[in-house]
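Structure first, commentary second.
2 protein chains.
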Amino acid sequence: MNQQGILVVISGFSGAGKGTLMRALMEKYDKYALSVSATTRQPRAGEVDGREYFFVSQEHFKSMVENEALIEYAQYVDNYYGTPKDYVEKQRSAGKDVILEIEIQGALKIKKKFPDTLLLFITPPNAKELKRRLVSRGTESPDVIEARLKRAAEEAVGIEAYDYIIINDNIDDCVEELHHLIQAQHSKTSNRLDFINEVRNELNQL
Amino acid sequence: MNQQGILVVISGFSGAGKGTLMRALMEKYDKYALSVSATTRQPRAGEVDGREYFFVSQEHFKSMVENEALIEYAQYVDNYYGTPKDYVEKQRSAGKDVILEIEIQGALKIKKKFPDTLLLFITPPNAKELKRRLVSRGTESPDVIEARLKRAAEEAVGIEAYDYIIINDNIDDCVEELHHLIQAQHSKTSNRLDFINEVRNELNQL
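Same order as they appear, the protein sequences are chains A and B. First residue of the first sequence? That's -10 in the numbering used here, and the numbers climb one at a time after it. First residue of the second sequence? That's -10 in the numbering used here, and the numbers climb one at a time after it.
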């Protein structure tokens, strides 16, 4: 079967370990493609254009919107973030499962546009662990940590819209769970309608 | 988390290899419980009461229906088949994922009563393989094979109601796929609402 790739959105609390999980998943399996978002925000130290984000100007972003070159976009504070359509479509046609690591606002837009999208939400095993991870990074001020925890409480509001809640207690186990969840999508009845019709035709011809 | 077991219905074409798959799944993992149906039909050679079926009289079956001791029942030709409630509830409470190997008629009743039920449909890779397996058993007359293929064509009509279509090309791979599909259910958002509320409460108390 030459099946089209699955579209997967991965969201989660900051501090849930999404970045580490994505890197581990990509390293272990070559059937995934990680979509890189376009953004108008400035690159931070260490960020590389085309790796973390495509860093574009406000004008460029505006033209992408006008040319329908984004499958969704959203604004956070003063910056825009969007998912380039071209990359997603090419990879899916090539049979790759495409992963978008985006926030709930974008996730809901994608789900509305593509109802077969798999929405996954990553969470640490509990809120204390979430706080511990944010604190132990050592890179954030108490104010930023406070703001992130407040934001986490807000993010938890939309969590019911996701298909699965994945508890990241152990990276290796979690990568395997993600992999199996995504691969299971290929067996969903809605993704096997062609196969079903084939079997039906064959049965009628026997 | 002390989560209740998942309810899983497994159906499929005769000749799809359900019986072999179920035995292999039970042997490999101890987290599953296979529900044994009650039936009014006569035992066939080699069948053991309480293993393949609970063989009961028409009167006994009728009293089970009246006492609401079955979670679903259906009639095929002159015989009744039903799923005893007691066993299913006890096993699920103990955290076991309970598998019902029943036909589409019963599957749809279960799904209506328990919307979280996972409906899985097993199929051989194609119709020719289905015919080959039925013929190579060597136990059935051409008429019976003909009747089964006709029935398969009919069964394929309801197939869209199932959540996943599992292609049984290789027993070991198929057992693993079943296992991962069933385990994934535990991470479904609807099965993690308690967890979500816990994290929310914790976040609000930090």
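Note that the Cβ used here is the ideal one computed from N, Cα and C, for glycine as well.
For the 7 Å CB-CB criterion, Ile154 of chain B and Arg181 of chain A form a contact.
Look at Gly127 of chain B here: in three-state DSSP terms it is coil, with no helix or strand label.
Under the three-state reduction of DSSP output, Phe103 of chain A falls in the coil class, being neither helix nor strand.
Counting only the Cα atoms, Ser3 of chain B lies some 43 Å from Lys7 of chain A.
In the displayed model, Ile156 of chain A falls within a strand according to three-state DSSP. Residue-level contact check: Ile155 of chain B touches chain A, since one or more beta carbons of chain A fall below 7 Å from its beta carbon. Contact with chain B is absent for Tyr18 of chain A, since none of that chain's Cβ atoms lies less than 7 Å from the residue's Cβ. For Gln64 of chain A, DSSP records a beta bridge to A:Tyr69. For Ile(-1) of chain A, no alpha helix (DSSP H) segment is defined; the enclosing uninterrupted segment is the beta strand (DSSP E) at Leu(-4) to Gly1. Collapsing the DSSP output to three states places Ala142 of chain B in a helix. In chain order, Leu138 place their CB closer than 7 Å to the CB of Lys120 of chain B, counting only its own chain and leaving out the 5 sequence neighbours on each side.
Non-local beta-carbon contacts of Val54 of chain B in its own chain, meaning distances under 7 Å to residues more than five positions away in sequence, involve Tyr62 in chain order. Secondary structure at Glu90 of chain A: strand, using DSSP grouped into helix, strand and coil. Annotation: Glu191 of chain A to Arg12 of chain A spans about 43 Å, alpha carbon to alpha carbon. Taking 7 Å as the cut-off, the beta carbon of Asn68 of chain A is found closer than this to the beta carbon of Arg30 of chain A. Shown here, Asp38 of chain B sits in a strand according to DSSP, grouped into three states. Residue environment analysis places Thr72 of chain A among the buried positions, since at least 16 neighbouring C-beta atoms fall within 10 angstroms of its C-beta. Between the segment 98 to 110 of chain A and the segment 73 to 80 of chain A there are fewer than three inter-stretch CB-CB distances shorter than 8 Å, so the stretches are not counted as touching.
Residue pairing of Thr29 of chain A in beta bridges, as defined by DSSP: absent, with no partner found. Collapsing the DSSP output to three states places Tyr151 of chain B in coil.
Here Ala136 of chain B has no same chain residue with a Cβ atom under 8 Å from its own Cβ, once five neighbours each way along the sequence are excluded.
Only residues of its own chain outside the window of five on either side were considered, and among them Gly39, Arg40, Glu41, Tyr42, Phe43, Pro73 and Tyr76 have a CB closer than 8 Å to the CB of Val25 of chain A, listed in chain order.
For Ile148 of chain B, at least one C-beta of chain A is nearer than 7 Å to its own C-beta. Residue burial is scored here from C-beta neighbours: Val(-3) of chain B has at least 16 other C-beta atoms within 10 angstroms and is therefore classed as buried.
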